[in-house]
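Engineer: Once you've had a glance at the structure underneath, I'll fire off some questions.
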Amino acid sequence: MLSPALISLALFLVAPIIFVIIYSFWLRTAEGLDVPAFQFGNWIAVATDYYYWLGLYSTFQMSLITTIACAVIGYPTAYFLARIRFGNKALLLFLLFLPFWVSYIIRTMAWISVLGKTGAVNTVLIWLGLIDEPLKMLYNDFSVVMGLVYFLVPYMIINVYVSLDGIDRNLEASARTLGCSPWQTFREVTLPLSLPGLGAGCMLCFVLAAGSYVTPRLLGGPDTLFFPDLIYEAMISQLDWPTGSVLSVILLLSLGLLVAVYNRFMSVSDIYRSFAR
Amino acid sequence: MSAALESRTALWLLGLFSIGVYIFQFAPIAVVMLLSFNASRSGAFPMEGVSLQWYDKLFANDSILEAFQTSILLALGCSLMATILGVMAAIALVRYQFKSKNAVSTLISMPLLIPEVVLGVALLMFLKLIGVYRSFGMLLLGHTVLALPFVVLVVQARLVGLRQNFEEAALSLGANRLQTFREVTLPLISPAILGGFLFAVAISFDNITATLFWKKPGIETVPTKIFAMLRTSISPEINALGTVMIILTILLPLIGGYVVRRFSRGR
Numbered sequence: 074m075l076s077p078a079l080i081s082l083a084l085f086l087v088a089p090i091i092f093v094i095i096y097s098f099w100l101r102t103a104e105g106l107d108v109p110a111f112q113f114g115n116w117i118a119v120a121t122d123y124y125y126w127l128g129l130y131s132t133f134q135m136s137l138i139t140t141i142a143c144a145v146i147g148y149p150t151a152y153f154l155a156r157i158r159f160g161n162k163a164l165l166l167f168l169l170f171l172p173f174w175v176s177y178i179i180r181t182m183a184w185i186s187v188l189g190k191t192g193a194v195n196t197v198l199i200w201l202g203l204i205d206e207p208l209k210m211l212y213n214d215f216s217v218v219m220g221l222v223y224f225l226v227p228y229m230i231i232n233v234y235v236s237l238d239g240i241d242r243n244l245e246a247s248a249r250t251l252g253c254s255p256w257q258t259f260r261e262v263t264l265p266l267s268l269p270g271l272g273a274g275c276m277l278c279f280v281l282a283a284g285s286y287v288t289p290r291l292l293g294g295p296d297t298l299f300f301p302d303l304i305y306e307a308m309i310s311q312l313d314w315p316t317g318s319v320l321s322v323i324l325l326l327s328l329g330l331l332v333a334v335y336n337r338f339m340s341v342s343d344i345y346r347s348f349a350r
Numbered sequence: 550m551s552a553a554l555e556s557r558t559a560l561w562l563l564g565l566f567s568i569g570v571y572i573f574q575f576a577p578i579a580v581v582m583l584l585s586f587n588a589s590r591s592g593a594f595p596m597e598g599v600s601l602q603w604y605d606k607l608f609a610n611d612s613i614l615e616a617f618q619t620s621i622l623l624a625l626g627c628s629l630m631a632t633i634l635g636v637m638a639a640i641a642l643v644r645y646q647f648k649s650k651n652a653v654s655t656l657i658s659m660p661l662l663i664p665e666v667v668l669g670v671a672l673l674m675f676l677k678l679i680g681v682y683r684s685f686g687m688l689l690l691g692h693t694v695l696a697l698p699f700v701v702l703v704v705q706a707r708l709v710g711l712r713q714n715f716e717e718a719a720l721s722l723g724a725n726r727l728q729t730f731r732e733v734t735l736p737l738i739s740p741a742i743l744g745g746f747l748f749a750v751a752i753s754f755d756n757i758t759a760t761l762f763w764k765k766p767g768i769e770t771v772p773t774k775i776f777a778m779l780r781t782s783i784s785p786e787i788n789a790l791g792t793v794m795i796i797l798t799i800l801l802p803l804i805g806g807y808v809v810r811r812f813s814r815g816r
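Same order as they appear, the protein sequences are chains B and A. To convert, count from 1 in the first sequence and add 73; that's my numbering. To convert, count from 1 in the second sequence and add 549; that's my numbering.
What follows is the structure, encoded as structure tokens:
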């Protein structure tokens, strides 16, 4: 029963990834052919190139800002959704995920019309008389983070919501009876119990942000450096597969390390659980 | 009393904040839909009257219709494969006990956490090794791998919630394993199978990053077509296409949810 799926995954997922690792040691000959070899030339070339380090740093920095923004925006929203007793909660959750279903490219493209020179925000601000000149908000790192936060915040909300929803309400009630203020109750009881959800949400946001290619490409400016874009450039534009495979392995390893560290303290399966909802 | 008041105020503030988040999620989509009716040629503000001309242009654009055809064919093909593989895997994971279950679960969910760019690179390189180049076939295989975890998750969730009594009853009444599966298990999980299939369709139809690595130059799916069009400028036609996509992608889960609920209520 299991074997067809496992064989497909072994063949089209595991083997290809192992092959990328192997390929990163292959030798590119003077004629531009890649021949099987075991040498570190590609790795040394990438490691000694300051540009790639800068790319990795800038990617992780923007992903970190994105993750923090998602947590700050997502946690209160999830808390509200988990705690309201009135209204149709299922409807509210459904509404939250409606934009989530809309095509990723459309949601990313929308920000061009929102932040652009003649975009919605500038038009409204000028009309209100708050500014005279349109603000420069598009095609820089700001718009990239904006686009990333926009598409990642639902992931955060659902992860935090699932863990808040699972907390036994009697625990909070007991804390209150024992003399805790609402804020103390939140800080001492609710927040610690919801940390697995927050952790899973942060993990997911960071990994998805650092792996995104289209958002930085569409919303970023000429100075925006994003690692997946470097991989695409090497692989598809320059057809430099040895370099492309080294860069892929670097991205995979650094994110994999992060997941491993996270998994040491919390379980990755928390993330999958929220997907199943 | 004052503490109760305090927490009620806090809940109100949280409510206001959440409304802000909802607006944040909906506003950009509304902007695209609004601009698609703009009569102006620039595709941006200000609105210069209402017009449907961009929709006319859209439906007359052969390359966009071709992209739709490619996307639909691809989505149906890979979802069919992912559903068959995924349903079998989910049943095995839930109904049978074996040692390496955790490892298998992790393997199946792997495509969710590996950056799509890396998956793109990996499959591209590996398939070239066995003589398969960037093509529709590569897209079909790749999208199947990407959609598989979602099918497994949906069907698995349903199977876990299903009591095994029904199957045991069928077995003890003399049905063999195949009959039990066909007559009992399959009808009970069919809403989840349909749900998983629709999920897979949505994943494939929406995919762009990996698709850019696997598609043959010249072949476009709807997302890559939009991506290519955006490189020149944001034309009002793209906003019209965006609006069509928004309506389609919102309708699909709505219909899916309705059908699934309808099915499960009938039993």
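Glycine included, C-beta positions come from ideal geometry on N, C-alpha and C.
Could you list the residues in the stretch 645-672 of chain A with a C-beta less than 9 Å from some C-beta on chain B, going in chain order?
Structural biologist: The residues in question are Y645, F647, N651, V653, S654, T655, L656, I657, S658, M659, P660, L661, L662, I663, P664, E665, V666, V667, L668, G669, V670, A671 and L672.
Engineer: From the DSSP output, read off the bridge partner residues of D107(B).
Structural biologist: In DSSP, D107(B) forms a bridge with R101(B).
Engineer: Among the candidates T781(A), F746(A) and L797(A), whose CA atom is the shortest distance from the CA of A631(A)?
Structural biologist: Measuring from the Cα of A631(A), the nearest candidate turns out to be F746(A).
Engineer: Roughly how many angstroms lie between the CA atoms of L281(B) and A671(A), to the nearest whole one?
Structural biologist: Their Cα atoms are separated by approximately 18 Å.
Engineer: Rounded to a whole number of angstroms, what is the C-alpha to C-alpha distance between Y125(B) and F113(B)?
Structural biologist: Each residue's alpha carbon lies about 17 Å from the other.
Engineer: Quick one: what does DSSP say V704(A) is sitting in, helix, strand or coil?
Structural biologist: Helix at V704(A).
Engineer: Closer than 8 Å, CB to CB, is Y604(A) near chain B or not?
Structural biologist: No, Y604(A) lies away from the interface with chain B (no Cβ there is under 8 Å from its Cβ).
Engineer: Along chain A, which residues have their Cβ under 8 Å away from the Cβ of A352(B)?
Structural biologist: A question about residue 352(B) goes unanswered here, because the residues of chain B that appear run from 74 up to 350.
Engineer: Would you list the residues sitting across from V599(A) in a DSSP beta bridge?
Structural biologist: BP columns for V599(A) point to N587(A).
Engineer: Using CA atoms only, rank isn't needed, just tell me which of D302(B), I230(B) and I141(B) is closest to F173(B).
Structural biologist: With distances taken between Cα atoms, F173(B) lies closest to I230(B).
Engineer: Could you check whether the Cβ of A718(A) sits closer than 8 Å to any Cβ belonging to chain B?
Structural biologist: False, the Cβ-Cβ gap to chain B never drops below 8 Å.
Engineer: Please confirm whether L168(B) has its beta-carbon closer than 8 Å to some beta-carbon of chain A.
Structural biologist: It does; some Cβ of chain A falls within 8 Å.
Engineer: Give the DSSP-derived three-state secondary structure of Q311(B) in the structure shown.
Structural biologist: Correct three-state label for Q311(B): coil.
Engineer: If we cut at 8 Å on Cβ distances, does M210(B) have a partner in chain A?
Structural biologist: Cβ-Cβ to chain A under 8 Å: no for M210(B).
Engineer: Return the Cβ separation of Y152(B) and M674(A) in integer angstroms, given the expectation that the two are a contact with Cβ distance under 8 Å.
Structural biologist: That belief does not hold up - the Cβ atoms of Y152(B) and M674(A) are roughly 45 Å apart, past 8 Å.
Engineer: Within 10 Å of its beta-carbon, does A588(A) have 16 or more other beta-carbons around it, so buried, or fewer, so exposed?
Structural biologist: Exposed, since its Cβ has fewer than 16 Cβ neighbours within 10 Å.
Engineer: At what residues does the alpha helix (DSSP H) containing V145(B) begin and finish?
Structural biologist: Taken as a continuous stretch (DSSP letters only), the alpha helix (DSSP H) holding V145(B) covers Y123 to R156.
Engineer: With C-beta atoms as the reference, is T619(A) less than 8 Å away from E717(A)?
Structural biologist: It is not a contact, given that the beta carbons lie outside the stated cut-off.
Engineer: If we define contact as Cβ-Cβ less than 8 Å, is Q713(A) a contact residue for chain B?
Structural biologist: No, Q713(A) does not count as interfacial toward chain B.
Engineer: Determine, for T191(B), whether the minimum Cβ-Cβ distance to residues of chain A falls below 8 Å.
Structural biologist: Cβ-Cβ to chain A under 8 Å: yes for T191(B).
Engineer: Relative to the ligand SAH, is the shortest distance from any of its heavy atoms to the C-beta of S600(A) smaller than 7 Å?
Structural biologist: The ligand SAH is not part of the structure shown, which contains no ligands of any sort.
Engineer: Within its chain, find whatever has a CB closer than 7 Å to the CB of W99(B); leave out the 5 residues flanking it on each side and keep chain order.
Structural biologist: So the qualifying residues of the chain are D107, V108, P109, A110 and P315.
Engineer: Have a look at Y148(B) and I91(B) and give me their C-alpha separation to the nearest angstrom.
Structural biologist: Taking the straight line from one Cα to the other gives about 38 Å.
Engineer: Pull out every residue of the stretch 302-314 of chain B whose Cβ sits closer than 8 Å to any Cβ of chain A, in chain order.
Structural biologist: Those would be I304, Y305, M308, I309 and W314, in chain order.
Engineer: F92(B) CB to nearest chain D CB: under 8 Å?
Structural biologist: Checking the listed chains, one finds no chain D in this structure; the protein chains it contains are B and A.
Engineer: Could you have a look at Y682(A) and say whether DSSP puts it in helix, strand or coil?
Structural biologist: It is coil, neither helix nor strand.
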